[in-house]
Amino acid sequence: MNISPNSVVSLTYELHTTNEEGQQVFVEKADEQNPLVFLYGVGMMLPKFEEHLTGSKAGDEYSFELSAVDGYGELDPGAFADLPKSMFTEAGGEVPAVGDVIPLQDNNGNQFRAGVTAVHDETVAVDLNHPMAGKNLIFSGTILSVREATQDELAHGHAHGADGHSGH
1 MNISPNSVVS LTYELHTTNE EGQQVFVEKA DEQNPLVFLY GVGMMLPKFE
51 EHLTGSKAGD EYSFELSAVD GYGELDPGAF ADLPKSMFTE AGGEVPAVGD
101 VIPLQDNNGN QFRAGVTAVH DETVAVDLNH PMAGKNLIFS GTILSVREAT
151 QDELAHGHAH GADGHSGH
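In terms of UniProt numbering, the sequence shown opens at residue 1 and continues consecutively.
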């Protein structure tokens, strides 16, 4: 079976980016023991990532690069904020350190993460950009399996594991 909408894909991958000097930097991987399993075509993955896999089948190897625009977007210079330190200390918490990634929630209840860039006397400066924003993404790996999604998976909008019975 070839990868097409409403198929469940299991694959390995290695993800690299490039640093300022143009050298590849390892980010993360999924191997055969812990593959990435997803329902193809329902918006769970980056659209251009899926586009590069369209038509592939089990056993196929792949390698491609996504530009920052096709990945997590360019860095948004307006996506920085200064949060009051009291936001962290009022409930007995600790002020995060530079480099920490902290969970936040907007007024609509949407959860996201922010990276701490500086700690000042009264505020904590955070970067609200996705950690991979502004970076090209270099993927390589192997398609392990492709199968039709079950009715439950289609109804739930996500894969229930490589075999269709995991995850719930």
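Just so it is clear, CB atoms sit at the ideal spot from N, CA and C, and this is done for glycine as well.
Being a predicted model, the structure only gives us computed values, none of them experimental.
For residue i, I'd like the list of residues in its chain whose CB is within less than 8 angstroms of its CB, leaving aside the five on either flank, ordered along the chain.
i: residue 57; result: 1, 2, 3, 143, 146
i: residue 30; result: 11, 12, 13, 36, 141
i: residue 113; result: 101, 102, 103, 104, 131
i: residue 123; result: 82, 83, 84, 85
Taking 7 angstroms as the limit between beta carbons, can you name the residues of its chain near residue i, skipping five residues before and five after?
i: residue 74; result: 68, 133, 134
i: residue 166; result: 160
i: residue 28; result: 15
i: residue 89; result: 95
i: residue 32; result: 12, 144
What number of angstroms, rounded off, separates the C-alpha of residue i from the C-alpha of residue j?
i: residue 96; j: residue 151; result: 44 angstroms
i: residue 16; j: residue 85; result: 35 angstroms
i: residue 21; j: residue 76; result: 22 angstroms
i: residue 162; j: residue 63; result: 22 angstroms
i: residue 118; j: residue 111; result: 21 angstroms
i: residue 148; j: residue 34; result: 20 angstroms
i: residue 39; j: residue 154; result: 8 angstroms
If I'm right that residue i touches residue j with Cβ under 8 angstroms, what's the distance once you round it to whole angstroms?
i: residue 102; j: residue 24; result: Going by Cβ atoms, the distance from residue 102 to residue 24 rounds to 29 angstroms, so no, they are not a contact pair.
i: residue 65; j: residue 136; result: 6 angstroms
i: residue 41; j: residue 51; result: Between residue 51 and residue 41 the Cβ distance is about 10 angstroms, and since that is not below 8 angstroms, they are no contact.
i: residue 46; j: residue 9; result: Incorrect: roughly 14 angstroms between the Cβ atoms, too far for contact.
Below 6 angstroms CB to CB, which residues in the same chain sit around residue i once its five sequence neighbours on both sides are set aside?
i: residue 115; result: 101, 127
i: residue 164; result: 150
i: residue 61; result: 142
Reducing DSSP to helix, strand and coil, say where residue i ends up.
i: residue 155; result: helix
i: residue 53; result: helix
i: residue 29; result: strand
i: residue 123; result: strand
i: residue 84; result: strand
i: residue 150; result: coil
i: residue 103; result: strand
i: residue 89; result: helix
Answer with yes or no whether the minimum CB distance from residue i to chain D is below 8 angstroms.
i: residue 136; result: Considering every chain present, this structure includes no chain D. It has just one protein chain.
Decide if the segment 114-134 is in contact with the segment 75-88; the criterion is three or more beta carbon pairs, one per stretch, under 8 angstroms apart.
yes
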